[in-house]
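Quick notes on the structure that follows.
2 protein chains.
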Amino acid sequence: MARKPADQAVNRQDILLAAADVFRRKGFHGAKMADIAAEVDLTAGSLYHHFPGGKQQILHEVLANGLDIVTEKVRAIIEDTTLAPAERFRRAIYAHVVSLTANVSVAAALVFETRTILEDDIERESYLARRDRFEALYQRVIEDGIETGVFRTVDVPIFSKALLGAQNWLGVWYRDGGRLTGEQIANEMAEFFLNALLIC
Amino acid sequence: MARKPADQAVNRQDILLAAADVFRRKGFHGAKMADIAAEVDLTAGSLYHHFPGGKQQILHEVLANGLDIVTEKVRAIIEDTTLAPAERFRRAIYAHVVSLTANVSVAAALVFETRTILEDDIERESYLARRDRFEALYQRVIEDGIETGVFRTVDVPIFSKALLGAQNWLGVWYRDGGRLTGEQIANEMAEFFLNALLIC
DNA sequence: TATATAATCAAATCATGATTTGATTAATTG
DNA sequence: CAATTAATCAAATCATGATTTGATTATATA
């Protein structure tokens, strides 16, 4: 029967992480299959064994996985209605930022390569849906806060784009081992945006 | 002597704008010289007459020009010490955002292709310097506000990255003809970030 | 251990696209 | 209008890199 994967054989996840890293450094179009393969000690051709769909499929899985992981964390917080809107908002930002900094390469791919995947008509639909679903989470909690009277009356779509921009930008500048940890940065950012909304 | 450029001949600026647009849609690596050429009714080879340095040079000029134009607008405001820090901060954001929305393609290039130009060792140095100079402008006015006691004591580098992220992100989502004008968005964003800083 | 299947590789294929080259066609200026 | 330089083009070059193909090697299970 089918053999169980050997311990030393590379698995899909290794390849996806390696790919995210190469994408961060060179961009999707600039990344060679050989570059990705080299990161996991394979040759370019071997990658097709794991991802028959080639480079495009690899990108798709990097982005879809990455977004899903963050979405799930944020969703759990936003939908916890036992907490006040301000607290849900704060915790969501914190979790989100920590998640991005914990995995800069994927965060960077989410920033830089979303455009690439949207070029592909097949992926386009499903990816846009994923993204809208995510953005809606933040919009919901902001609206809750406004209705409750604890948040200023801001333009919610614009505010959420500003927030997401600030967060996504981490994928551009954050590096492990910098002056602040991901958690410290997450705290700061949650503070910033909460102050922007709170009526004092 | 040298001939004066004919009226109907394409000029460098046309090409740079066309290039920025193609870069926005396909990314630097995905953009073909032929794509850029087609936008101005030329063939790929003809572009080398205007830009002997090829695609790389075109990217360099798009980014350097784009950044310089925005920098100059923001600089004039930040350095106008007849205004209070809060007012300088507000006007700088406004001018910056209006400038980005007035030229989405260049704004998008500044977001997506900075990484590309940084790969090039020659450009790297000069471009990083430009960018630091720009970021320093915002940091200065924020520090002024803190020292004056009108702004909260935030972590200035992190705050400015959050701000720049929110602004740069416009290059990703803003499109002409949307629900709000560039000016309206600029106002909103200035409000957001001012509220994040102001001690009420 | 024998066999089936997974993993992998090296060497083709195939396409694509940047850049160069050698004319050819304007437009300017004396 | 002749001479000169600018703009442009079509057709080579040249390189690069994704993907395919046909073995080869490793490992698990019967």
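Sequence order for the protein chains is A and B. Just so you know, we're using the numbering used here here: the first sequence kicks off at 114 and counts up by one. Just so you know, we're using the numbering used here here: the second sequence kicks off at 114 and counts up by one. Note that the Cβ used here is the ideal one computed from N, Cα and C, for glycine as well.
Neighbourhood of residue i by C-beta distance below 8 Å, restricted to the same chain and skipping five residues each side
i	result
L241/A	L231
V269/A	Q252, I255, E256 and I259
L172/B	A132, F136, F141, A222, E226, T229 and I230
T261/A	A197 and P198
Residue j beta carbon less than 8 Å from that of residue i
i	j	result
F305/B	F272/A	yes
L155/A	L223/A	no
V263/A	I312/A	yes
T214/A	L283/A	yes
D233/B	Q297/B	no
A177/B	R244/B	no
D110/A	S218/A	What the structure shows of chain A is the stretch from 114 to 313, and residue 110/A is not part of that stretch, so it cannot be assessed.
C-alpha gap between residue i and residue j, whole angstroms
i	j	result
Q252/B	E192/A	36 Å
F141/B	I206/B	28 Å
D127/A	G158/B	42 Å
T294/B	F136/A	34 Å
A166/B	P198/A	The question names Ala, yet the displayed sequence has Gly at residue 166/B. Approximately 54 Å, taken between the alpha carbons.
N124/A	V183/A	22 Å
D289/B	A151/A	43 Å
K186/A	V153/B	47 Å
W286/A	M302/A	14 Å
A322/B	G278/B	Outside the displayed span of chain B (114 to 313) sits residue 322/B, for which this structure offers no information.
T195/B	E238/A	51 Å
I235/A	F164/A	17 Å
G143/B	K139/A	13 Å
R265/B	N216/A	30 Å
A208/B	E200/B	12 Å
V210/B	L160/B	31 Å
K274/B	N281/B	10 Å
A309/B	I190/B	20 Å
V267/B	R292/A	15 Å
Outcome for residue i when other beta-carbon atoms lying within 10 angstroms are tallied against a minimum of 16
i	result
A249/B	exposed
H162/A	exposed
K145/A	exposed
Nonlocal neighbours in the same chain, by C-beta distance under 7 Å from residue i, ignoring five residues either side
i	result
K117/B	Because K117/B sits at a pLDDT of 34, beneath the cut-off of 50, its placement in the model cannot be relied upon, and the point is left open.
R188/B	L250
E174/A	L129
A220/A	L213, L283 and G284
Beta-carbon proximity list for residue i, same chain, < 6 Å, skipping 5 on both sides
i	result
L307/A	R203
F247/A	T184
Original post:
Given a limit of 9 Å on CB to CB distance, which residues of the region 285-303 of chain A reach chain B?
Top reply: Residues of the region 285-303 of chain A with a C-beta less than 9 Å from any C-beta of chain B: V285, W286, Y287, R292, L293, Q297, I298, E301 and M302, listed in chain order.
**OP:** Scan the region 253-275 of chain A for residues whose Cβ lies nearer than 9 Å to a Cβ of chain B and list them as they occur along the chain.
**Re:** Here the close residues are R265, V267, D268, P270, I271, F272, K274 and A275.
Subject >> Residues in the region 216-229 of chain B having any Cβ partner in chain A nearer than 7 Å >> reply: Of all residues in the region 216-229 of chain B, the ones placed with a Cβ closer than 7 Å to any Cβ belonging to chain A are F225, R228 and T229, in chain order.
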